[in-house]
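No gaps in the numbering here: position 123 of the sequence shown is 123 in the UniProt record's numbering, and each next residue is one more. The C-beta atom is built at its ideal place from N, Cα and C for all residues, glycine as well.
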Amino acid sequence: MKSSQKDIFYITGASKEQLEKSPFLERLNKKDYEVILFTDPVDEYLMQYLMDYEDKKFQNVSKEGLKLKDSKTKELKESFKGLTKWWKTTLASDNVEDVKISNRLADTPCVVVTSKYGWSAYMEKIMHSQTLSDASKQAYMRGKRVLEINPRHPIIKALRERVVTDPEDESVKLTAKLIYQTALMESGFDLSDPKDFASHIYSSVKSSLNISPDATVEEEEDEAEEPEIETKAEEESASEESELKDEL
Numbered sequence: 001m002k003s004s005q006k007d008i009f010y011i012t013g014a015s016k017e018q019l020e021k022s023p024f025l026e027r028l029n030k031k032d033y034e035v036i037l038f039t040d041p042v043d044e045y046l047m048q049y050l051m052d053y054e055d056k057k058f059q060n061v062s063k064e065g066l067k068l069k070d071s072k073t074k075e076l077k078e079s080f081k082g083l084t085k086w087w088k089t090t091l092a093s094d095n096v097e098d099v100k101i102s103n104r105l106a107d108t109p110c111v112v113v114t115s116k117y118g119w120s121a122y123m124e125k126i127m128h129s130q131t132l133s134d135a136s137k138q139a140y141m142r143g144k145r146v147l148e149i150n151p152r153h154p155i156i157k158a159l160r161e162r163v164v165t166d167p168e169d170e171s172v173k174l175t176a177k178l179i180y181q182t183a184l185m186e187s188g189f190d191l192s193d194p195k196d197f198a199s200h201i202y203s204s205v206k207s208s209l210n211i212s213p214d215a216t217v218e219e220e221e222d223e224a225e226e227p228e229i230e231t232k233a234e235e236e237s238a239s240e241e242s243e244l245k246d247e248l
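What follows is the structure in structure tokens.
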């Protein structure tokens, strides 16, 4: 472990291959920091009670509280203040507590993190898989989520410009919602409404293909039903059945 690494970083998930591609590791990998990859469900339970080792604290890199120095943090927060405030309002109905500038991203536009003492995305999946799990407890422990954005990413920069131009533009709101839902999946969460996500994808595709949002599916023409014609074999079979009934 490098001397500049103050905490013991870790992340939990279903497989090593999945975790190695996680956006939560981008800045840590660039800094050449060590991160423990936990892939067993029991590890998720264990790390809820294991707070530190010797003089170093454990830090789940998919939760709030990750401290990585960035000399331009204050400047970026001020520059993107309008976007983060607008985005938070736009996602008010999606259980999003806040939208913040991220210090953990390098190549990904945004991620969704959970509160320090709430469940991680992997823990949510574990609890959902339990047949007798308490729904009210799940809602409490799941808590609200925080969308962290990468201010250096071209998608985020372009979105900021669109919001400045027209914050009430419905297409911009749709794009912001779609970016959030995509980040939700990439961060390891399950979508509560996959149908809604698919609808947003199709709307985005319509826009890219210059198709009107009001365009409808072409209706299928009703075909006239043709009367059934009995074949000779069917007629003979019916005749035999009739004769048999007469004999009885």
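Presumed contact (8 Å Cβ cut-off) between residue i and residue j, rounded CB distance
i           : j    : result
L147        : V96  : 6 Å
residue 250 : V35  : Nothing about residue 250 can be reported from this structure: the residues present for the chain run from 1 to 248 only.
L105        : V111 : 6 Å
L76         : I101 : 5 Å
P194        : S203 : Rounded, the Cβ-Cβ distance is 15 Å, inconsistent with contact.
L37         : F9   : No, L37 and F9 are not in contact; Cβ-Cβ is about 10 Å, not under 8 Å.
P23         : E170 : Rounded, the Cβ-Cβ distance is 28 Å, inconsistent with contact.
R145        : F80  : Not confirmed; about 19 Å, so no contact.
Sequence-distant residues of its chain with Cβ nearer than 8 Å to residue i (five each side left out)
i    : result
P109 : I149, N150, H153, I155, I156, I179 and A183
M51  : K57 and F58
S120 : T12, E44, N60, S62, K63, T114 and G188
L191 : Q181, L184, M185 and F197
Rounded C-alpha distance that separates residue i from residue j
i    : j    : result
K74  : V99  : 15 Å
R162 : G118 : 34 Å
T84  : D94  : 15 Å
S15  : E124 : 16 Å
D70  : N103 : 7 Å
E78  : S115 : 23 Å
K206 : E168 : 20 Å
L46  : F189 : 21 Å
I126 : E220 : 45 Å
D55  : L68  : 18 Å
K173 : Y53  : 45 Å
E218 : Y33  : 55 Å
S199 : S129 : 27 Å
T39  : W86  : 37 Å
S208 : K30  : 34 Å
Y49  : G82  : 39 Å
Neighbourhood of residue i by C-beta distance below 6 Å, restricted to the same chain and skipping five residues each side
i    : result
Q181 : F197
Residue-chain proximity (residue i, chain C), Cβ-Cβ < 8 Å
i    : result
V205 : This model lacks chain C altogether, as it is built from one protein chain only.
Segment contact, 8 Å Cβ cut-off, at least three pairs: the segment 158-178 with the segment 88-95: yes
Subject >> 3-residue-minimum beta strand (DSSP E) runs that sit fully inside the segment 89-120, ordered along the chain >> reply: 96-101 and 110-114
Alpha helix (DSSP H) runs contained entirely in the segment 20-85, provided each spans 4 or more residues: 26-30, 41-46 and 73-79
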